[in-house]
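J.: Shown below is the structure under consideration.
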Amino acid sequence: MDFHIVVALACLFIGLSKGGLGGPIPVAMLTPLLSLIMPASQAVGLILIPLMVGDVITVMLYWRKWDLSRVKLLLPMAVVGIFVGEFVLLTLANSGQNIIIKRLIGAFTLIVVIYKVSDSLISRMHYEHRQWHGYLAGWLTGFGSALANVGAPPYTAYMLLQKIDDPVAFLGTTAIFFAILNAIKLPFVLSNSKVLDLHLLASILWALPLIPVGAWLGRKSVGYVNAKLFERVMLVLLFLLSVFTLVA
1150 MDFHIVVALA CLFIGLSKGG LGGPIPVAML TPLLSLIMPA SQAVGLILIP
1200 LMVGDVITVM LYWRKWDLSR VKLLLPMAVV GIFVGEFVLL TLANSGQNII
1250 IKRLIGAFTL IVVIYKVSDS LISRMHYEHR QWHGYLAGWL TGFGSALANV
1300 GAPPYTAYML LQKIDDPVAF LGTTAIFFAI LNAIKLPFVL SNSKVLDLHL
1350 LASILWALPL IPVGAWLGRK SVGYVNAKLF ERVMLVLLFL LSVFTLVA
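Numbering-wise, the working numbering puts 1387 at position 238 of the sequence shown, and it's gapless, one number per residue.
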């Protein structure tokens, strides 16, 4: 597949997700998709910049609509998870173990599929909150985000169990939390050319304006596109992509 087509699709998918179409599934497709046409470590690093552009959009959309108490609970262990995940990523990248990184990306992507299939069951579970649940969810989110840009499943599962009544607060908290995580990851990614080649980054800057375009299309499409059908199609594609990444 042509590099420029994949990059354009990646930025468009980020925008669609930020605009409310498809949830986290389009974003979960990006790293494994890029890993099919470039070294897996570069795929992890390269997609971070477009994700951060998307973060700016969602933070602006949900400015001050977040619940900082939940961010404060999840963030400390998420930072620890990022440090561990980045250490593993940089170690594997420096030793040329891109096939292992690719398999890990496939495994984390498959977890997204499993989560999405079972999320309605999770939301109906009887649940008693424990403080350490937040610490564990934070750590897993940070680790998955650092290693494969796939931190949504543990975070979203934890948040669903909290039975948050206000969907705007849920979305706002998600926006600011992942914006912070991605900002923390940036220095690690920039520090190693095997994770982010700046020349490669410069070659995709033309596609970044597609992110706000995708966000606009996502918001406009919500009332017209069958969201459940779109999500199911994306989920099937994500499953196939995860399997291919695991075995190819």
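Virtual Cβ for every residue (Gly too), placed ideally from N, Cα, C.
Rounded to the nearest angstrom, how far is the Cβ of I1231 from that of L1241, given a contact under 8 Å?
T.: The sequence position of residue 1231 within the sequence shown is 82, counting from 1. The sequence position of residue 1241 within the sequence shown is 92, counting from 1. Not really, about 16 Å apart at Cβ, beyond 8 Å.
J.: Run through DSSP, which three-state label would N1375 get?
T.: Locating residue 1375 in the sequence shown gives position 226, where the first residue counts as 1. In this structure, N1375 counts as coil in the three-state DSSP scheme.
J.: So what does DSSP say about K1251, is it helix, strand or coil?
T.: Indexing the sequence shown from 1 puts residue 1251 at position 102. Helix at K1251.
J.: If you pair each beta-carbon of the segment 1193-1202 with each one of the segment 1353-1368, do three or more pairs fall below 8 Å?
T.: Short answer: they touch.
J.: Which class does G1168 belong to by DSSP, given the choice of helix, strand or coil?
T.: Counting from 1 along the sequence shown, the entry for residue 1168 is found at position 19. If DSSP states are grouped into helix, strand and coil, G1168 belongs with coil.
J.: So, are the CB atoms of G1287 and A1332 less than 8 Å apart?
T.: By one-based count along the sequence shown, residue 1287 stands at place 138. By one-based count along the sequence shown, residue 1332 stands at place 183. No; because the gap between Cβ atoms is not below 8 Å, this pair is not in contact.
J.: Helix, strand or coil for Y1211, going by three-state DSSP, please let me know.
T.: By one-based count along the sequence shown, residue 1211 stands at place 62. Three-state result, Y1211: coil.
J.: Whose C-beta lies closer than 6 Å to the C-beta of P1303 among residues of the same chain, with five residues either side of it excluded?
T.: In the sequence shown, residue 1303 corresponds to position 154, counting from 1. Once the five neighbours on either side are set aside, the close Cβ partners of P1303 are A1286, L1289, T1290.
J.: Kindly indicate if chain E contains any beta-carbon less than 8 Å away from that of L1224.
T.: Of the chains in the structure shown, none is chain E; there is only one protein chain.
J.: Should F1257 go down as buried or exposed, given a rule of 16 or more other Cβ atoms within 10 Å for buried?
T.: Position 108 of the sequence shown, counting from 1, holds the residue named residue 1257. It is buried - the Cβ of F1257 has at least 16 other Cβ atoms within 10 Å.
J.: For I1325 and V1208, I'd like the C-alpha separation in whole angstroms.
T.: Taking the sequence shown and counting its residues from 1, the one referred to as residue 1325 is at position 176. Taking the sequence shown and counting its residues from 1, the one referred to as residue 1208 is at position 59. Their backbone Cα atoms lie some 6 Å apart in a straight line.
J.: For G1300, I'd like the list of residues in its chain whose CB is within less than 6 Å of its CB, leaving aside the five on either flank, ordered along the chain.
T.: Position 151 of the sequence shown, counted from the first residue, corresponds to residue 1300. For G1300, where only same-chain residues beyond five positions count, the Cβ hits under 6 Å are T1290, G1293, S1294.
J.: Give the secondary structure of N1331 by DSSP, where H, G and I count as helix, E and B as strand, and everything else as coil.
T.: Taking the sequence shown and counting its residues from 1, the one referred to as residue 1331 is at position 182. Helix.
J.: To the nearest angstrom, how far is the alpha carbon of K1251 from that of V1392?
T.: The residue labelled residue 1251 in the question sits at position 102 within the sequence shown. The residue labelled residue 1392 in the question sits at position 243 within the sequence shown. Taking the straight line from one Cα to the other gives about 11 Å.
J.: For the alpha helix (DSSP H) that I1313 lies in, which residues bound it at each end?
T.: Taking the sequence shown and counting its residues from 1, one reaches residue 1313 at position 164. That residue, I1313, is in no alpha helix (DSSP H); it is neither H nor E in DSSP.
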